[in-house]
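Structure first, then comments.
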Amino acid sequence: MTRNESSTHTLLRFITCGSVDDGKSTLLGRLLYDAGMLSDDQIEALQRDSRVAHPEGEALDFSLLTDGLDAERQQGITIDVAYRYFHSSRRSFVVADCPGHEQYTRNMATGASHADLAVVLVDARKGLLAQTRRHTYICTLLGIRKIILAVNKMDLVDYRQDIYTSICSAYESLAEQLGTMEVHALPVAALRGDNVGMRSENMPWYNGAALLELLETIDVPLSLGVDFRMPVQWVNRPDPSFRGYAGTVCGGSVRVGDEIMVQPGNQRACVARIVTADGDLQLASFGQAVTLTLDREIDASRGDLLADAVRPAPEADQFAAHMIWMGDEPLLPNRGYWMKIGTRTVNARITHIKHKVDVNTQAKLAALRLELNEVGYCNLDLDQSIAFEVYATNPTLGGFILIDRLSHATVACGMLDFALRRATNVHWQHLDVDKRMRAQSKGQQPHCLWFTGLSGAGKSTVANLLERRLGSLGCHTYLLDGDNLRHGLNRDLGFTPEARVENVRRVAEVAHLMVDAGLVVLVCVISPYRSEREFARSLFAEGEFVEVFVDTPLEECERRDPKGLYRKARAGEIGNFTGIDSPYERPDSPEVHLQTQAMSPDAMVEKLVAQILPGSRQ
Amino acid sequence: MNTLFSHLDSLEAESINVLREVAACFQRPVMLYSIGKDSSVLLHLLRKAFHPARSPIPLLHVDTTWKFREMIAFRDQIAAAADPPLMVYINEDGVRRGISPFVHGAAVHTDVMKTVALKQALDKYGFDAAIGGARRDEEKSRAKERVFSFRNTQHRWDPKRQRPELWSLYNTHVHKGESMRVFPLSNWTEMDVWQYIKREHIPLVSLYFAKSRPVVARDGALIMVDDDRFVLRDGERIEQRMVRFRTLGCYPLTGAVESTASNIDEVIEEMTRSKSSERQGRVIDQDVSASMERKKQEGYF
């Protein structure tokens, strides 16, 4: 009988936690060797490398197998998570190995998201360390419920049972503190192979299984959710007679004839067929990639959730969630990000960082922003309701990533904890008079002209002239000036990056209301970040938002210095001053680019009038 | 979090999920079809993923003009089936320059006829996602590769700019000109591939099975004499040996292994017994140490 041929041969994904000092590489190498997974050329290479590393010794140094990554690190090549594969006669294994100390939280979270189980290594001589707590915390955060505690280097403590027992009981109380989970402990000596591939005779007091046997036999939960859930990934329409919803079942199971609901929303239908390339099925369960057809025409598309109609998923647009920040730039509250959850992508903002968590002590700390590798507990606000589950119930419907809208980098992962109640209680009030009617009564097209540029660039000057000109043309206008708003609406905000983001968000929302009222709104704010200008743009309909880049070189602004602010900033009297010690991100493709040194104010005004009132230049 | 199915079922479902994600999220995806066993598995999965529709993702073969003749014949059958359609791209500039692995060496040949050709093809057709059959267990630098691997506008792989990949949530966003290489078989091992081929009765090029073939022993490898372009060195002679191939590529750069395994059961049996790693037979990988890492950065798969 060949290896892994049988249909009962299963897959276990696990992560190893511990540093090289704990003997992690040795343990992993030994495990591969004992499972018979090393090829002849690998063993030869290992023998060669071992002789070089230890000229006097005969034994194989298993750490050299997986420490190949160290060489890459020395070459300046980034290693974050490496995946290794091996199998025994009973199971196939995928091991996520995170060698780095830098960026450890990010890498470990990534590895843990792919794991059913974690092997936590502890050096018997040292007992539990700060990192043991950190590793266990991150595993718990990512929902790993089973942990194998491998107390390593037992040979160096003379295989003493009392040492092993005291480490086990200390760890169990730690695990209990961090949340309920199942701990399987075993004593090993990876270097000698005690209790790795085979049970050791050196520790007769231990009756349990060796590590390999434990990994082969340990039960892993089939599925956390019991109610049927399947996000629509792709709509299959080969011809007008067939419309199938392709996806992977991420909770429970579904049978032909079951009633399902399309969420968000409440359209219902019954499953007509469960289609696969190997023939139709009667039942599709957790983990299967299938295509469902329904007994009636309904409107479902990618991103929708097909769920048990009797027990549908909750829906909400505001959440509390744990997040791990993975971006090089910090998380700024109120900046907009794309949030991908299941197969759906929505716009999301972090409205509030309730606290960040020290990964070593789990202490809750106040925070205004989250930096790379920090864990935070945050409130999120989405631009639409989604069907979800809390992460602990269903990781597919409760786990998400945030994507930077400009760089497209993955900047965070998160785990939904619960929906905030106000989301379901505050309803959008339907109003009879809409923007179109309000605009019609004023006889104009509402617009938002967004003037961005350095302090002293001339934004207010041009906007002021433009408003007068528009007034003479019979337009209903309003000018929102950033400085003026800081005396009232934004009085509580300073000039840190966080405050600037919030400042622009408020101004954008007010401008949005005024455009909704049918006005032509002129906004003058430095708005130094592209992200926030993009956020502002996203609030408006196509063609409504006009980004006006008032482009005056820094030297010229500084020379003009109408409010004496540059002088103060240079003298260090005010901090976070745009252009001096705070960045200005130039617009890439503004609708209107005003190079103030090359144009007269009147010419600029006429250019803007032409932009929003085509054909009005008499 | 799944042990309900066999490990092959889990791997199949995961790969289908990845393929569907590509179809749903990219404007112009393509699958790079290399005629080998991994490509055969990928093609099988591609057909399964979109059943009963035909795969919306076409196939592209980058032909270096030095593939085994049997491979080309096999490819032409796949092209004739047109399920899905298959395009062939050749770097004609390289052909005009007469690039040959015998004359220019493995590194130059691979760069011009494979890496450069691939980039030309991706640019020509404007593909924003290219699916490949690479597996993480093949080679050390691939162990850390993402399933969705980001490439900049020059098709370069920057290990520092790879996106963290959690759960099965893939960040598929790219700007115009940037692209993604996608590896649905990332978590498969060589043995999984063979087991799956057996289970699903996937047709393969017969070069994977032992037969008496004309070979030359060169630099520790057995190179098959596939056509009259083969340039014999002094002292070399052609001999008939029972050999098969574990991986397929350009015939002058692909070492055969001596074997009597002439069908899939025997191949699996042989793999279980003998243990040498798969890419040993590939001359290109041994050319420069850490070569794969470097080639990846230059835009090779």
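For the record, the sequence lines run as chains A and B.
For reference, each letter of the first sequence is one residue, going 0 to 617 in numbering that gives the first Met the number 0.
For reference, each letter of the second sequence is one residue, going 0 to 300 in numbering that gives the first Met the number 0.
Glycine included, every Cβ here is placed at the ideal spot set by N, Cα and C.
Separation of A/Ile349 and A/Asn372 (C-alpha to C-alpha, rounded to the nearest whole angstrom) is 17 Å. Boundaries of the alpha helix (DSSP H) around A/Asn502: Pro496 to Asp515. Taking 8 Å as the cut-off, the Cβ atoms of A/Phe544 and A/Leu593 do not count as close.
In this structure, B/His6 and A/Thr9 form a Cβ contact; the two beta carbons are roughly 6 Å apart against a cut-off of 8 Å.
In the structure shown, the three-state DSSP call for B/Val115 is helix. The closest CA to that of B/Ile263, considering only B/Leu203, B/Asp218 and B/Ser167, is found on B/Leu203. Taking 8 Å as the CB threshold, B/Asn262 stays off the interface with chain A.
Chain order gives no chain A residues near B/Trp156, where near means a beta carbon separation below 9 Å; the closest approach is about 11 Å.
Secondary structure of A/Cys138 (DSSP, three-state): helix. With a threshold of 8 Å between beta carbons, B/Leu165 makes contact with chain A.
Rounded to whole angstroms, A/Leu478 and A/Leu521 show a C-alpha spacing of 5 Å. Interface criterion not met: the Cβ of B/Leu203 is under 8 Å from no Cβ in chain A.
In the three-state reduction of the DSSP assignment, A/His407 falls in the coil class. Taking 8 Å as the upper bound for CB-CB distance, B/Val224 and B/Val215 are in contact here, some 6 Å apart. The DSSP-derived three-state label of B/Gly104 is helix. The contact set of B/Glu20 on chain A, defined by CB atoms closer than 7 Å, consists of Gln232 in chain order.
In the three-state reduction of the DSSP assignment, A/Ala169 falls in the helix class.
The beta carbons of A/Thr476 and A/Leu518 sit closer together than 8 Å.
Any Cβ of chain B closer than 8 Å to the Cβ of A/Gln281 would place that residue at the interface, and such an atom is absent. Residues of chain A with a Cβ closer than 7 Å to the Cβ of B/Ile15 are, in chain order, Ala288. Listed in chain order, the positions of the segment 114-136 of chain B with a beta carbon within less than 7 Å of a beta carbon of chain A are Arg135 and Asp136.
Burial is judged here by how many other beta carbons sit within 10 angstroms of a residue's own beta carbon; A/Gln232 has at least 16 and is buried.
In the DSSP annotation of this structure, the continuous segment of the beta strand (DSSP E) that includes B/Val61 starts and ends at Leu58 to Val61. Counting only the Cα atoms, A/Phe227 lies some 4 Å from A/Gly251. At a cut-off of 8 Å between beta-carbon atoms, B/Phe49 makes contact with chain A.
Taking the C-beta atoms as reference points, A/Phe539 is found nearer than 8 Å to A/His511. With distances taken between CA atoms, A/Asp601 lies nearest to A/Asn463 out of A/Thr577, A/Asn463, A/Ser526 and A/Gln439.
From the beta-carbon of A/Gly375, no residue of chain B is found nearer than 8 Å; the closest lies around 16 Å away. Shown here, A/Asp601 sits in a helix according to DSSP, grouped into three states. For the segment 405-421 of chain A, the residues whose beta carbon sits under 8 Å from a beta carbon of chain B are, in order, His407, Ala408, Thr409 and Cys412.
Counting every other CB atom within 10 Å of its CB across the protein chains shown gives A/Met436 a total below 16, marking it as exposed. For A/Cys97, no beta strand (DSSP E) encloses it, and the DSSP letter there is neither H nor E. Contact annotation for B/Ser258 against chain A: no contact, minimum CB-CB distance about 15 Å [criterion: below 9 Å]. Straight-line measurement puts the Cα of B/Gly132 at about 13 Å from the Cα of B/Glu144.
Within the segment 382-402 of chain A, the residues whose Cβ lies closer than 8 Å to some Cβ of chain B are Pro394, Thr395, Gly398, Phe399, Ile400 and Ile402, listed in chain order. Sequence-distant partners of A/Arg29 (beyond 5 residues in either direction) whose C-beta falls short of 6 Å from its own C-beta, in its chain, are Phe61, Ala189, Gly192 and Val195.
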